[in-house]
Structure formats: structure tokens, C-alpha cells
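Just below is one structure, and these are the notes that go with it.
Residue numbers (my numbering), protein chains in the order written: chain A, 1 to 276; chain C, 1 to 316.
This is the structure:
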């Protein structure tokens with residue numbers, strides 16, 4: 001019995017894992033399945049994999065008015081720009097919160113964190129009206145700024161704790177040696193902060209890439225992103241599993257790779273540093 | 001580490017002597033100056049929308065013509081007088097309560113299972129994290145196809161393994177539609193909860209456990225009276241973060257059930273979307289939004305109190 005228990009535990013864990021990963025595996029398997037087999041029951045498990053679904057999704061005008069590759073490009077532009085914006089304003093803010101002892105700092109930090117509670121479904125209503133009045137609907141900025149705001153609390157929290165882990169004595173010594181504070185930040189702090197910045201950037205990118213509500217509401221064809229296109233995919237042409245899952249796989253694959261790379265930093269970031 | 005503000009801010013200043021105002025306030029100016037860009041971005045997405053919500057809530061907003069006019073509290077009367085809104089508010093609360101509590105229970109079970117030294121622990125935790133990266137739209141689409149009553153694999157395998165008689169149209173019946181949206185959220189987020197709790201388990205000191213074992217505590221009372229209290233900060237953080245996100249849920253439910261069948265799975269976030277962006281009744285949506293924010297700020301202040309009491313996440 002004593003040897004059996006750990007074995008059973010491992011079996012149970014692997015079974016739970018299989019169940020957990022099943023939807024993802026189903027998506028990938030269906031994406032490489034020949035179209036005529038994808039919806040047959042009983043499900044076909046053995047077949048010759050094909051790339052034709054990916055080819056038709058990425059190059060053909062399989063749905064709506066444009067191919068899925070264009071939507072991925074929109075997603076990429078929005079994701080990169082919002083991540084850069086979040087870092088551009090987030091790094092100084094994190095440094096200020098970590099190293100400058102000014103009055104109101106704690107209140108500011110708490111307020112920054114509290115903005116994560118604002119439901120996007122509520123803020124999207126006024127943003128929609130404002131963007132229409134300013135003729136910003138279906139432009140990149142109308143997604144870039146909100147996405148940066150969505151990931152900023154997390155970016156600032158992650159970077160603030162990274163900065164605090166840099167011994168302050170290093171900074172002091174550099175300033176004693178006559179470096180200005182700005183130069184010191186550039187020469188000493190930023191290089192040490194690179195791993196933290198990379199992790200924060202990847203997290204911010206994941207959030208932006210996956211966002212749905214704002215993209216659904218504020219974009220039409222010019223800036224439409226991949227998640228919105230995926231949803232339209234089924235409502236417009238019924239359900240063709242091969243193409244749907246191929247498009248879904250292309251959308252999810254880069255994020256899954258980043259998730260695997262980040263792993264612990266992902267949980268650390270999403271839990272605002274509660275888990276180190 | 002006590003760092004005097006004056007030593008950290010401003011730094012070496014060369015050139016002409018700085019104005020006296022700068023000298024006196026340079027710590028505050030440096031701090032707020034560094035924060036300002038981030039605060040502006042966050043203000044655009046929180047305070048600015050709130051101001052407009054309040055304005056719109058007392059107006060009839062005409063998107064196309066010049067028909068925007070002040071209507072007093074009419075919008076609030078309509079929203080609060082609509083029994084559907086109250087039942088959707090109840091649905092939202094139920095959704096959060098069910099999803100988060102199931103995730104905490106399953107997450108704890110998974111964390112306890114993973115908290116053993118095994119050769120494959122690292123591999124397992126790495127793979128368990130994957131649902132976190134799947135866009136909610138994608139996971140909802142996958143669930144929708146798997147639950148399809150005609151082609152879906154769920155019905156097929158449940159039937160062929162003899163677990164179910166007639167095929168079930170999962171999304172066409174309120175109870176099974178609820179099971180589906182809760183399962184979707186549980187699938188997506190249980191691994192995250194498990195990893196937070198696992199970190200907690202690994203940080204629990206061994207001495208109290210050993211002392212309890214010496215005192216003759218069984219595994220169950222050991223868990224209940226020793227481990228669980230020690231993990232309180234981690235449970236609190238998982239609870240609060242998941243509750244915040246669950247209240248904000250839109251994409252998964254919108255894609256999986258669209259709020260149906262009927263309005264049985266309609267959360268307040270879906271109401272906001274429908275009223276504002278499909279019925280174009282911006283005034284009513286704004287009034288609903290303000291009520292939602294009010295209710296939420298009450299719940300959140302309680303949750304933040306939990307967080308402040310049992311963790312140091314809000315500390316410097």
C-alpha cells in the first residue's frame with residue numbers, strides 16, 4: 001500500500017492534466033485534420049496531418065472580407081504598441097514608487113492597483129461614445145491606450161518589486177561617484193531591470209493579444225483583431241471546424257509559447273507579486 | 001531600509017542654481033513627475049469614463065441626431081424598475097460565487113497533489129499553466145464546438161461510455177448552460193489558483209505541522225487546523241484576484257452562451273453591452289453602469305479589507 005499511494009497520486013495528476021489539456025489538444029488536432037474528417041462521428045483519431053486549413057485561413061479570403069493574416073497583423077500592431085506604451089509610462093512610475101519617498105506615494109500605489117477593479121464592460125460605453133465623437137473608432141489608438149491601461153497596474157507592480165530587489169547601495173555608490181541620477185538609472189538600474197522588464201512586457205502582451213470586448217466594440221474592418229475575427233468566423237459561415245481551429249491555433253500558439261517561457265513569472269505577475 | 005527622500009530624489013544638480021521652489025519640493029516633484037504619465041493613462045480609463053457615465057446617466061443620449069436631452073433620474077427609474085436587471089445582478093453574484101469557490105476547492109486539491117517531490121513536478125506545473133494563456137474567446141469557441149449536440153465530442157463520448165442516455169443540448173437549457181459557463185471559467189483559472197496555493201503550501205513552515213503530528217493530529221485535522229490557517233494570505237489573494245476578474249467576465253460567456261438560453265446566463269456585463277451597443281440606449285446603460293460600479297465598490301472594499309488584513313500586498 002505504501003508504494004501504491006504515490007503511484008495512484010501520479011496517475012491521478014496525469015489524468016487531470018490530460019483532461020485539462022484536452023480542449024487545447026482537440027483544437028490543434030482538428031486544425032491539422034483533413035476537412036472531410038473533422039466533423040465525423042465517431043471522431044477520427046488516426047489520419048494524415050494536413051496544413052491546408054492553415055493555408056486557406058492565412059492566405060485565402062475564407063471569411064468576412066479579408067484573410068485572417070491581416071487580423072493577426074492588426075493584433076500584433078496593437079499588442080506591440082500598447083506594451084511599449086505600458087513600459088514607457090510604467091518604468092518611471094515603478095521607479096518613483098520604489099525609490100522616491102514622497103508624500104502620497106502609498107495612496108498613489110493603492111489607487112493604481114484599484115483601477116483593475118473597473119469593469120471594461122462599464123468603461124467601454126463612454127469610451128465608445130467619445131471615440132465616435134472624436135472620430136477615433138476603428139483606429140489603432142482607441143485600442144492601444146486602453147490596453148496599456150489594463151496592463152499598467154500589473155507592469156508597475158512587477159517592476160516596482162524588481163527595482164526594490166536591486167540593492168540601493170549600488171545606486172548610492174554610483175551617485176557618490178558623480179553620476180547624475182538620470183545617468184545612474186540608465187547605466188545601473190535599467191540593465192539590472194531587463195529580466196523584470198521582459199517578463200512585464202510579455203505579460204502585458206498576453207493581456208493585449210487576448211482582449212476581446214474593446215476590440216469588438218471599437219473596431220470595424222481596419223483595425224479588427226484576431227479574437228474578434230475568430231468570433232465572427234462562426235457567426236458568418238456556420239461552423240467549419242478545420243478552418244476555425246486552424247485560426248484559433250494560430251492565434252493561441254504564440255501566447256502558449258510565451259506562457260511556457262514565463263511560467264512562474266506569469267503567476268507572480270498575475271498575482272501582483274503575492275507569489276514569488 | 002530607511003532612505004531619506006532628499007538623498008534619492010533630484011540627484012546631483014549642476015549648472016545654474018535651481019529655483020527655490022524646486023529645492024523645497026524636489027522629492028514630491030520627482031515622485032509625482034515620474035508617476036504622472038502612468039496616472040494620466042489610468043485616469044483616461046477610469047476617472048474620465050466615470051465622469052461621462054454620470055453625465056450620460058441623466059440624459060437621453062442620441063447617437064445620430066441632436067436629440068440628446070436632460071431627463072433627470074428617468075434612466076435610473078427604468079433600470080432599477082426592471083426586474084430583469086435584478087435577476088441579472090443575482091446571476092452575476094451567483095456566477096462569481098460559484099466559479100471562485102469551485103476554483104478554490106479544486107485549486108487546493110490540485111495544489112496538495114502537486115506538493116510532493118516527484119520527478120515530473122516541474123513538468124506538470126509547466127503544463128498545468130497552459131489554459132491561462134488561451135484567449136477566453138478561443139476557449140469559449142472550443143467549448144461551444146465540443147458541446148455541440150450534433151457534432152460535439154462531449155455528447156458522443158458520454159453516450160458511448162454509457163454515462164448519458166439521450167444527447168444533451170448543453171447550451172439550450174438554463175441549468176446545463178450554467179454548468180457550461182462555470183466549467184469554462186473553472187477550466188481556465190483553476191490552474192492559476194492551484195499555483196498560488198502551491199506557492200503557499202511550499203512556504204508553510206514545518207515546525208507547527210511537526211508539533212501537531214507529535215500531539216497526535218490526524219491528516220485531516222492537521223490540514224484543517226494547521227495548514228489552512230497558515231495559508232490564509234494565499235487563499236485571500238486567490239479569492240480576491242479571482243473575484244475581481246470574475247465580476248469583469250464578458251468574452252467567455254458572450255461567446256459561449258450569448259447570455260442565453262433566454263436571459264438565463266446574462267451577466268450585468270452582457271447587459272451593459274446589449275443596452276449600450278445593440279439597443280443604443282446609452283443613458284440607460286450608463287445608469288446601469290453607475291449602479292454596477294456602486295455595488296462593485298462595496299464588494300471590493302470588503303475584499304480589499306480581507307486582502308489588507310491577511311497579506312502584505314498593499315504594503316510598501
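Yeah, the Cβ is synthetic: ideal placement off N, Cα and C, and Gly gets one too.
1. Which residue spans inside the region 51-93 of chain A form an unbroken alpha helix (DSSP H) run of at least 4?
2. Per DSSP, which residues does residue 60 of chain C bridge with? Please list them.
3. Where does residue 12 of chain C sit, in a helix, a strand or coil, going by DSSP?
4. Residue 115 of chain A versus chain C: which residues are under 8 Å apart at the beta carbon?
5. List, in chain order, every chain A residue whose beta-carbon is nearer than 9 Å to that of residue 292 of chain C.
6. Going by DSSP, what residue range makes up the alpha helix (DSSP H) through residue 22 of chain A?
7. Counting contacts by CB-CB distance shorter than 8 Å, is residue 23 of chain A in contact with chain C?
8. What do you get for residue 49 of chain C, buried or exposed, if any count of 16 or more other CB atoms within 10 angstroms of its CB means buried?
9. Beta-carbon of residue 224 of chain A versus every beta-carbon of chain C: anything under 8 Å?
10. Any idea what DSSP makes of residue 210 of chain A, helix, strand or coil?
11. Take every Cβ of the region 244-255 of chain C, pair it with every Cβ of the region 193-213 of chain A, and state whether three or more of those distances are shorter than 8 Å.
12. Between which residues of its own chain and residue 303 of chain C is the CB-CB distance below 8 Å, once the five residues before and five after are set aside?
13. Could you tell me whether the Cβ of residue 231 of chain A comes closer than 8 Å to any Cβ of chain C?
14. For the candidate residues C/109, C/156, C/191, whose alpha-carbon lies nearest to that of residue 165 of chain C?
15. Tell me whether residue 1 of chain C sits in a helix, a strand or coil according to DSSP, three-state version.
16. Just verifying my parser: in three-state terms, what is the DSSP assignment at residue 147 of chain C?
17. Less than 8 Å separating the beta-carbons of residue 56 of chain A and residue 45 of chain C?
18. Just confirm the distance between the C-beta atoms of residue 193 of chain C and residue 296 of chain C, as a whole number of angstroms; I'd bet it's less than 8 Å.
19. Taking a cut of 9 Å between CB atoms, which residues from the region 253-281 of chain C lie near chain A?
20. List the residues of chain A that residue 199 of chain C touches, going by C-beta distances under 7 Å, in chain order.
21. Using a Cβ cut-off of 8 Å (strictly closer), state whether residue 216 of chain C contacts chain A.
22. Counting Cβ pairs, one atom from each stretch, are 3 or more of them under 8 Å apart for the region 122-140 of chain C and the region 13-24 of chain A?
23. Since I believe residue 125 of chain A is in contact with residue 286 of chain C (beta carbons under 8 Å), could you give me their beta-carbon distance rounded to a whole number of angstroms?
24. Determine which residues of the region 124-148 of chain A have a Cβ less than 8 Å from any Cβ of chain E, and write them out in chain order.
25. Let me see if you follow: with CB-CB separation under 8 Å, is residue 5 of chain C close to chain A or not?
26. Can you tell which of A/46, A/240, A/78 has the C-alpha that lies nearest to the C-alpha of residue 151 of chain C?
27. For chain A, is any of its Cβ atoms less than 8 Å away from the one on residue 92 of chain C?
28. At what residues does the alpha helix (DSSP H) containing residue 111 of chain A begin and finish?
Checking against the coordinates, here is how it stands:
1. Entirely contained in the region 51-93 of chain A, the alpha helix (DSSP H) runs reaching 4 residues are, in chain order, 52-59.
2. Bridge partners of residue 60 of chain C: C/69.
3. In this prediction, residue 12 of chain C scores a pLDDT of 47, lower than 50, which makes its location untrustworthy; no coordinate-derived value is stated.
4. The contacting residues are 42, 45, 46.
5. Those within 9 Å of residue 292 of chain C in chain A are 119, 121, 122.
6. Run containing residue 22 of chain A: 4-31, per the alpha helix (DSSP H) assignment.
7. Chain C, which has a Cβ nearer than 8 Å to the Cβ of residue 23 of chain A, makes this yes.
8. In this structure residue 49 of chain C is buried. Its beta-carbon is surrounded by 16 or more other beta-carbon atoms within 10 angstroms.
9. Nearest CB-CB separation between residue 224 of chain A and chain C: not below the 8 Å threshold.
10. Helix, per DSSP.
11. Judged by pairs of C-beta atoms under 8 Å, the region 244-255 of chain C touches the region 193-213 of chain A, as three or more such pairs exist.
12. Exclusion of the five residues before and after residue 303 of chain C leaves 239, 240, 243, 244 as the residues of its chain whose Cβ lies within less than 8 Å of its Cβ.
13. A Cβ of chain C is located within less than 8 Å of the beta carbon of residue 231 of chain A.
14. The residue among C/109, C/156, C/191 with its C-alpha nearest the C-alpha of residue 165 of chain C is C/156.
15. In this prediction, residue 1 of chain C has a pLDDT of 37, which is less than 50 and means its spatial position is unreliable; nothing more can be read from the coordinates.
16. It is coil, neither helix nor strand.
17. Going by C-beta atoms, residue 56 of chain A is not nearer than 8 Å to residue 45 of chain C.
18. About 21 Å; that fails the 8 Å criterion.
19. The residues in question are 254, 255, 267, 268, 269, 270, 271, 272, 273, 275, 276, 277.
20. 275, listed in chain order.
21. Taking a beta-carbon distance threshold of 8 Å, residue 216 of chain C does not count as an interface residue toward chain A.
22. Under the Cβ criterion (8 Å, minimum of three pairs), the region 122-140 of chain C counts as touching the region 13-24 of chain A.
23. So it is a contact: roughly 6 Å between Cβ atoms.
24. The chain labelled as chain E is not found among the protein chains of the depicted structure, namely A and C.
25. Low confidence applies to residue 5 of chain C: its pLDDT is 43, below 50, so where it sits in the model is not reliable enough to give any reading.
26. Checked all of A/46, A/240, A/78; the closest Cα to residue 151 of chain C is A/240.
27. No, no contact with chain A.
28. 105-114 is the span of the alpha helix (DSSP H), which, as asked, contains residue 111 of chain A.
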